[in-house]
Amino acid sequence: MHTPSIKTLLDGESPVSSILVRGWVRTRRDAKGFSFLELNDGSCLANLQCVVDEAVPGAQRLKEILTGAAVAVQGDLVPSPAKGQRWELKATSLELIGPAPEEYPLQKKRHSDEFLRSIAHLRPRTNKFGALFRIRSEASFAVHEFFRTQGFVHVHTPILTGSDCEGAGELFRVTALPRDSKEGAAADFFGREAFLTVSGQLEAEPLALSLGKVYTFGPTFRAENSNTARHAAEFWMIEPEMAFFDLTANMELAEAFVKAVARHLLEHCAADLALFNQWVDPQCLARLAQVAQEPFERLEYREAVRLLQAARDAGESFQYPVAFGTDLQTEHERYLAEKKFGKPVFLYNYPASIKPFYMRVNDDQNTVAAMDLLVPTVGELIGGSQREERLEVLQARMQAQGLDPAPYWWYLELRKFGSAPHAGFGLGFERLLMFVTGIPNIRDVIAYPRTPGNLEF
RNA sequence: UCCCCGGUAGCUCAAUCGGCAGAGCGGGUGGCUGUUAACCACUAGGUUGGCGGUUCGAGUCCGUCCCGGGGAGCCA
13 MHTPSIKTLL DGESPVSSIL VRGWVRTRRD AKGFSFLELN DGSCLANLQC
63 VVDEAVPGAQ RLKEILTGAA VAVQGDLVPS PAKGQRWELK ATSLELIGPA
113 PEEYPLQKKR HSDEFLRSIA HLRPRTNKFG ALFRIRSEAS FAVHEFFRTQ
163 GFVHVHTPIL TGSDCEGAGE LFRVTALPRD SKEGAAADFF GREAFLTVSG
213 QLEAEPLALS LGKVYTFGPT FRAENSNTAR HAAEFWMIEP EMAFFDLTAN
263 MELAEAFVKA VARHLLEHCA ADLALFNQWV DPQCLARLAQ VAQEPFERLE
313 YREAVRLLQA ARDAGESFQY PVAFGTDLQT EHERYLAEKK FGKPVFLYNY
363 PASIKPFYMR VNDDQNTVAA MDLLVPTVGE LIGGSQREER LEVLQARMQA
413 QGLDPAPYWW YLELRKFGSA PHAGFGLGFE RLLMFVTGIP NIRDVIAYPR
463 TPGNLEF
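This is the structure in structure tokens:
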């Protein structure tokens with residue numbers, strides 16, 4: 013028995029006889045002597061309409077087949093005589109695999125995002141989340157495809173780390189000691205404190221200074237008590253790291269990367285993206301097309317401050333003041349990405365005082381070769397920099413920021429043995445998905461979101 | 001962590017000034033129909049988030065706790 017996916021069947025050009033389709037019932041409509049079953053198997057957004065005559069074997073259980081039930085339908089794919097669909101399955105037999113009783117929570121109507129989060133195990137069966145997870149999969153593929161085409165080596169950096177001061181937020185502590193143990197870290201599994209990684213960057217740099225161009229794509233953990241629509245305690249980050257790249261080359265790569273993903277999705281996820289364009293964000297498709305085609309804006313931090321001050325003087329009301337040497341507030345980033353330019357904007361050459369020790373000090377001694385990519389609606393999508401490759405400068409920066417150099421001995425040795433200019437960035441995969449779909453909450457672009465106080469599923 | 005908003009049927013929501021707890025969808029029963037989130041009629045379904053208080057009377061007012069959301073900070 014042939015078992016094609018519904019996607020294959022609906023994309024087909026000719027009738028197919030004697031096939032088996034298995035999936036979940038989205039709705040049942042009864043007519044005189046037969047029923048319509050709308051079947052979805054997750055392969056695409058569209059359902060397959062199955063026409064089940066009450067005389068067909070198995071049809072006596074039709075009354076038990078409610079929305080959500082898992083069924084198998086054998087039959088022939090034939091042209092549909094009615095409007096609304098090109099093909100339908102004329103059933104020759106029906107099997108109820110797993111019934112869904114009346115309290116099945118998903119109904120044939122719109123549900124709130126909050127409710128769907130409370131049933132994370134069932135929400136992939138909705139149109140919206142089905143579409144999202146297919147897009148997520150394609151985007152993930154596009155990431156690997158881009159870097160592979162560009163000659164990058166995919167490397168895996170550790171999830172467990174012993175470094176508790178990577179300068180990127182609070183860490184989750186990992187221990188193998190019993191909960192009530194009085195013993196110190198020395199008695200623990202690694203003989204020292206252990207944490208979940210907040211970034212693979214420090215470990216990726218040595219690989220870049222060996223293999224040339226590398227990237228990681230893995231889970232990242234932040235124990236920040238952040239309660240916003242764009243922060244999660246566990247998220248997936250893409251971190252390329254390139255030897256002999258300066259900040260400009262870094263930005264060029266970042267732009268080419270985001271454009272490549274946008275183009276891939278436009279080409280391979282048209283139907284799923286159309287759903288988001290219609291129900292979630294009417295700018296979704298236009299924004300993707302713009303990202304794919306138009307050059308991003310590039311702006312020095314110094315110039316951004318000047319623009320923001322000019323905007324304020326022209327009557328733009330900001331809650332927070334703008335001055336050189338302070339980090340930009342969310343309202344400032346949104347103004348630049350949404351109102352001023354209306355497209356992705358690179359800000360670069362930030363004041364050294366507000367950036368971590370590993371970013372390369374510019375010749376003005378005042379700024380570092382850092383760059384952020386700000387995009388409309390989600391804000392910071394990428395953060396990156398050229399890395400400090402000069403040993404003495406790096407040591408001085410660590411000292412200035414009060415860091416103990418001892419645990420970083422291997423990171424410092426990189427600057428001793430064949431040091432070279434290099435650069436890289438980190439991109440939050442979930443934020444990229446928010447940007448391309450228009451979904452406003454990070455909890456709705458990941459299957460099982462981890463946020464403060466939320467570890468169900 | 002701070003500020004604001006919310007929690008009523010399986011789901012989405014309503015309930016005037018503190019005065020009988022409601023509708024649509026979903027379920028059941030019956031009808032109708034190559035139907036398209038089908039349609040029509042009937043029907044079942046409630047500890048109004050928890051605890052305490054004010055009151056003749058609390059979904060509504062007060063206190064407190066829990067949960068959720070939005071905004072901010074932090075960041076990707």
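Positions 13 to 469 (my numbering) are the ones given, in order, by the first sequence.
By construction, the Cβ of each residue, glycine as well, lies at the ideal position given by its N, Cα and C atoms.
Note that the structure is a prediction, hence the values are computed from the model and not measured.
Give every residue of the same chain whose Cβ lies closer than 8 Å to the Cβ of residue i, excluding the five residues on either side of it in the sequence, and list them in chain order.
i: residue 105; result: 68, 69, 70, 85, 86, 87
i: residue 132; result: 459, 460, 461, 468, 469
i: residue 174; result: 202, 204, 205, 206, 207, 419
i: residue 166; result: 156, 159, 160, 226, 227, 228, 229
i: residue 326; result: none
i: residue 337; result: 363, 365, 366
For the beta strand (DSSP E) containing residue i, name the first residue and the last one.
i: residue 288; result: Here residue 288 belongs to no beta strand (DSSP E); instead the alpha helix (DSSP H) covers 282-291.
i: residue 208; result: 206-208
Identify the continuous alpha helix (DSSP H) that holds residue i and give its terminal residues.
i: residue 296; result: 296-305
i: residue 218; result: 213-223
i: residue 446; result: 441-449
i: residue 411; result: 403-412
i: residue 127; result: 125-129
i: residue 415; result: Neither: residue 415 is in no alpha helix (DSSP H) and is coded neither H nor E.
i: residue 425; result: 421-425
i: residue 12; result: Within the shown structure, residues of the chain are numbered from 13 to 469, placing residue 12 beyond reach of any answer.
For residue i, which residues in the same chain have their Cβ closer than 7 Å to its Cβ, ignoring the five residues on either side in sequence?
i: residue 281; result: 146, 147, 150
i: residue 223; result: 165
i: residue 142; result: 54, 57, 136
i: residue 212; result: 169, 228, 230, 251
Helix, strand or coil for residue i? Go by DSSP, reduced to three states.
i: residue 14; result: strand
i: residue 11; result: The requested residue 11 is not part of the displayed model; the chain covers only 13 to 469.
i: residue 310; result: strand
i: residue 319; result: helix
i: residue 158; result: helix
i: residue 46; result: strand
i: residue 68; result: coil
i: residue 334; result: coil
i: residue 73; result: helix
i: residue 186; result: strand
i: residue 458; result: coil
i: residue 265; result: helix
i: residue 349; result: helix
i: residue 115; result: coil
i: residue 20; result: helix
Using the DSSP secondary-structure output, state which residues sit across from residue i in a beta bridge.
i: residue 135; result: Note: residue 135 sits in no beta bridge, so no partner.
i: residue 466; result: 463
i: residue 82; result: 36, 110
i: residue 87; result: 31, 103
i: residue 360; result: 312, 383
i: residue 227; result: 166, 252
i: residue 174; result: According to DSSP, residue 174 bridges with nothing at all.
i: residue 391; result: 387
i: residue 51; result: 37, 60
i: residue 398; result: 435
i: residue 371; result: 399
i: residue 232; result: 247
What residues in its chain sit with their C-beta under 6 Å from that of residue i, if we drop five residues either side in the sequence?
i: residue 278; result: 300
i: residue 276; result: 154
i: residue 457; result: 442, 445, 446, 451
i: residue 21; result: 89
i: residue 74; result: 47
i: residue 431; result: 401
i: residue 28; result: 89
When you compare the CB positions of residue i and residue j, do they come within less than 8 Å of one another, or not?
i: residue 57; j: residue 51; result: no
i: residue 171; j: residue 118; result: no
i: residue 311; j: residue 358; result: yes
i: residue 49; j: residue 64; result: yes
i: residue 442; j: residue 247; result: yes
i: residue 356; j: residue 386; result: yes
i: residue 331; j: residue 350; result: no
i: residue 396; j: residue 437; result: yes
i: residue 80; j: residue 103; result: no
i: residue 120; j: residue 287; result: no
i: residue 221; j: residue 426; result: yes
i: residue 371; j: residue 262; result: no
i: residue 216; j: residue 264; result: no
i: residue 398; j: residue 435; result: yes
i: residue 334; j: residue 373; result: no
Could you tell me whether any non-hydrogen atom of the ligand ZN is closer than 7 Å to the CB of residue i?
i: residue 38; result: Looking for the ligand ZN in the displayed structure turns up nothing, as the structure carries no ligands at all.
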